[in-house]
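Structure, as structure tokens:
Residue numbers (the numbering used here): 19 to 157.
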């Protein structure tokens with residue numbers, strides 16, 4: 019299930035995932051994409067050189083990622099029609115400003131949220147280990 023805001027203005031391109039090639043493409047350049055669930059393929063069948071992320075490296079990446087508040091600019095579709103986007107204040111990274119390359123997509127236009135989330139989880143895991151070690155004898 020998917021539903022684009024503003025009647026689908028902005029265009030889409032959808033591909034399919036198959037067991038043979040794991041290709042899954044979904045692209046929209048309008049105001050947003052809404053769906054009941056959004057997943058990213060994560061099978062080792064499509065990965066190579068798999069290593070556990072070092073917690074110090076993850077912490078460095080997270081510490082070097084600035085989070086901003088901002089408002090989205092209105093967009094224009096391919097026919098020149100204005101597409102209004104959310105008027106709410108947003109929070110997140112800005113790829114042109116202090117966002118590590120590890121979190122920027124290959125085309126340089128967006129953030130790889132899966133990588134950002136994964137590094138954040140690794141930092142939380144390490145911090146939880148530290149908390150448990152520091153509070154181990156306290157009841």
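The C-beta atom is built at its ideal place from N, Cα and C for all residues, glycine as well. In this text, all values refer to a predicted model and were calculated from it rather than measured experimentally.
Item                                                                                                                                                : Value
Looking at residue 103: is its Cβ nearer than 8 Å to the Cβ of residue 113?                                                                         : no
With contact counted as at least three CB pairs below 8 Å, one residue from each stretch, are the segment 107–121 and the segment 82–98 in contact? : yes
Quick check on the burial criterion: 16 or more other C-beta atoms within 10 angstroms. Buried or exposed for residue 142?                          : exposed
Does DSSP put residue 156 in a helix, a strand or coil?                                                                                             : coil
Using the Cα positions of residue 85 and residue 98, report the straight-line distance between them to the nearest angstrom.                        : 31 Å
Which residues bound the beta strand (DSSP E) around residue 52?                                                                                    : 51–53
Suppose contacts are defined by Cβ-Cβ distances below 8 Å. Is residue 73 in contact with residue 140 by that definition?                            : yes
When you compare each of 132, 136, 145 and 148 to residue 56 by their alpha carbons, which one comes out closest?                                   : 132
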